[in-house]
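Numbering (my numbering), first residue to last: 512 to 595.
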């Protein structure tokens, strides 16, 4: 069990160094004794997760903007009852 934990830590550290442009994938694979393909796949998964989070935040921003516009319209109606 300890071995798996060390592999997870090694992958986390390798991924961090590659994403921070401190090491290339090949150098990180050599340094942490990990397969290059595993690091590459971890980077792709990280990119996909980041992309999904960005999309989710963008959608949430649009919903908030629409909700703010709706509230502002309601406030305008309250301030000017003549507005249909």
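C-beta atoms are modelled at their ideal positions from N, C-alpha and C, and glycine is treated no differently.
Would you be able to state if there are at least three C-beta pairs under 8 angstroms between the region 516–531 and the region 542–557? Judged by Cβ distances under 8 angstroms, the region 542–557 makes contact with the region 516–531, as three or more pairs qualify.
Original post:
Which two residues bound the contiguous alpha helix (DSSP H) that contains residue 558?
Top reply: The residue given as residue 558 occupies position 47 in the chain shown. Taken as a continuous stretch (DSSP letters only), the alpha helix (DSSP H) holding residue 558 covers 547–590.
Q.
What does the alpha-carbon distance come out to for the pair residue 564 and residue 571?
A. Translated into positions along the chain shown, residue 564 becomes position 53. Translated into positions along the chain shown, residue 571 becomes position 60. Cα to Cα, residue 564 sits roughly 10 angstroms from residue 571.
What number of angstroms, rounded off, separates the C-alpha of residue 576 from the C-alpha of residue 584?
Residue numbering aside, residue 576 sits at position 65 when the chain shown is read from its first letter. Residue numbering aside, residue 584 sits at position 73 when the chain shown is read from its first letter. Computed Cα separation, rounded: 12 angstroms.
I'd like to confirm something about residue 559: is its beta-carbon nearer than 8 angstroms to some heavy atom of the ligand SAH, or not?
For the structure depicted, the ligand SAH is absent and the ligand set is empty, with no information on it obtainable.
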